[in-house]
Amino acid sequence: MKTIRDASLMQQDAEAARLRGSRLALVPTMGALHDGHVALLRAARERADLVILSVFVNPTQFGKGEDYERYPRDIDRDSAIARDAGADVLFVPSNEQMYEKGFQSFVTVEKLSAPFEGESRPGHFRGVATVVAKLLNITKPHLAVFGQKDAQQAVVVRRMIRDLNFDVELLIVPTVREADGLAMSSRNAYLSPRERGEAAVLSASLRKAEELIRSGERRVDAVVGAMRGMISLSSSGAIDYIAIADADSLARLEHLQTGQDILVALAVRFGKTRLIDNIQITT
Ligand code: AMP
Numbered sequence: 063m064k065t066i067r068d069a070s071l072m073q074q075d076a077e078a079a080r081l082r083g084s085r086l087a088l089v090p091t092m093g094a095l096h097d098g099h100v101a102l103l104r105a106a107r108e109r110a111d112l113v114i115l116s117v118f119v120n121p122t123q124f125g126k127g128e129d130y131e132r133y134p135r136d137i138d139r140d141s142a143i144a145r146d147a148g149a150d151v152l153f154v155p156s157n158e159q160m161y162e163k164g165f166q167s168f169v170t171v172e173k174l175s176a177p178f179e180g181e182s183r184p185g186h187f188r189g190v191a192t193v194v195a196k197l198l199n200i201t202k203p204h205l206a207v208f209g210q211k212d213a214q215q216a217v218v219v220r221r222m223i224r225d226l227n228f229d230v231e232l233l234i235v236p237t238v239r240e241a242d243g244l245a246m247s248s249r250n251a252y253l254s255p256r257e258r259g260e261a262a263v264l265s266a267s268l269r270k271a272e273e274l275i276r277s278g279e280r281r282v283d284a285v286v287g288a289m290r291g292m293i294s295l296s297s298s299g300a301i302d303y304i305a306i307a308d309a310d311s312l313a314r315l316e317h318l319q320t321g322q323d324i325l326v327a328l329a330v331r332f333g334k335t336r337l338i339d340n341i342q343i344t345t
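To convert, count from 1 in the sequence shown and add 62; that's the working numbering.
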């Protein structure tokens, strides 16, 4: 595995690989790699000749007072995990490489960025869309691999790829979970042992929602109410939102119909740690 820190070098290497006829895949991450990231790398490995893992804690997607400074960083550990998972190139640009002096061009995916995460984290998806656009231009992949864990991010990126004619295929990999159901996340490391125990209720509430919907519940209020009840009964978590939306348009739903692709998504704070999770269901 080769480590590249320079964006122009990365671009040259990617272009050379394309000219040789290789199929390139990009797995963009912020590092602090866990088995969720490894699943993305494996999916990329199965589908491409050259797997590029980017590790960049992107400052423009963090709001004021968020965890940009304390976000876990350990490039030596990430590098070992990436190598074991079969990455060919580790792209680790600096802030200066990604946002040179005078930088002022941003990508905004307007409506899809507004609800849910966008409401709680203004500007977040502007940062995400911008950095993903840059990473696609730098690494020139045929395939870009993202996780279902960040469901709204996947929807926003899919729209940007279509709207701006990026010549790249998108693959979304299912969420990888801990044994008790908690979605793997670099932010889980912030949880105290007590919070970590309680956080299992998030995925349990999503499973409950699925069970209710599968057994015919069509009232969104009833499903969300049951989830709220479960979370507040068995944890100290403060619910930021619980939402049921159309999986493609992200339009909030009030009443479900049979045969709809829906997203049940939530964000809950445990102390300073904000966790998100979701499931996608066809009703
Ligand atoms: P992050 O490093 O948290 O920005 O995540 C990088 C990529 O990994 C994103 O596409 C995430 O959706 C994906 N990802 C993060 N956690 C998981 C997980 N538990 N399962 C699957 N994909 C994940």
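Backbone N, C-alpha and C define an ideal beta-carbon position, used for all residues, glycine too.
Nothing here was measured: the structure is a model prediction, and the numbers come from that model.
Can you name the residues that DSSP bridges to residue i?
| i | result |
| --- | --- |
| Gly209 | Val235 |
| Asn340 | Ala327 |
| Tyr303 | Ala329 |
| Arg314 | Ala307 |
| Ile114 | Leu88 and Val151 |
| Ala245 | Arg239 |
| Thr335 | Phe332 |
What is the rounded straight-line gap between the Cα of residue i and the Cα of residue j?
| i | j | result |
| --- | --- | --- |
| His186 | Ser294 | 27 Å |
| Asn199 | Ser296 | 46 Å |
| Arg85 | Arg269 | 37 Å |
| Gly243 | Ala78 | 42 Å |
| Ile338 | Leu328 | 6 Å |
| Arg80 | Leu112 | 10 Å |
| Arg139 | Val100 | 13 Å |
| Thr65 | Ala94 | 16 Å |
| Leu315 | Leu274 | 16 Å |
| Arg258 | Arg109 | 35 Å |
In terms of residue numbering, what span does the alpha helix (DSSP H) encompassing residue i cover?
| i | result |
| --- | --- |
| Ala144 | Ile137 to Asp146 |
| Ala76 | Ala69 to Leu81 |
| Ser296 | Val282 to Ser296 |
| Met160 | Asn157 to Met160 |
| Glu172 | Per DSSP, Glu172 belongs to no alpha helix (DSSP H) and is neither H nor E. |
| Arg269 | Ala262 to Arg276 |
Just curious, the beta strand (DSSP E) that residue i is in, first and last residue?
| i | result |
| --- | --- |
| Arg33 | What is shown of the chain runs 63 to 345, which leaves residue 33 out entirely. |
| Leu103 | Not the beta strand (DSSP E): Leu103 falls in the alpha helix (DSSP H), residues Asp97 to Arg109. |
| Lys64 | Lys64 to Ile66 |
| Leu86 | Leu86 to Thr91 |
- Message: Quick check on the contact list: which residues have their beta carbon closer than 6 Å to a heavy atom of the ligand AMP?
- Response: Thr91, Met92, Gly98, His99, Ala101, Leu102, Phe208, Gly209, Lys211, Asp212, Val235, Thr237, Val238, Ala245, Met246, Ser247 and Ser248
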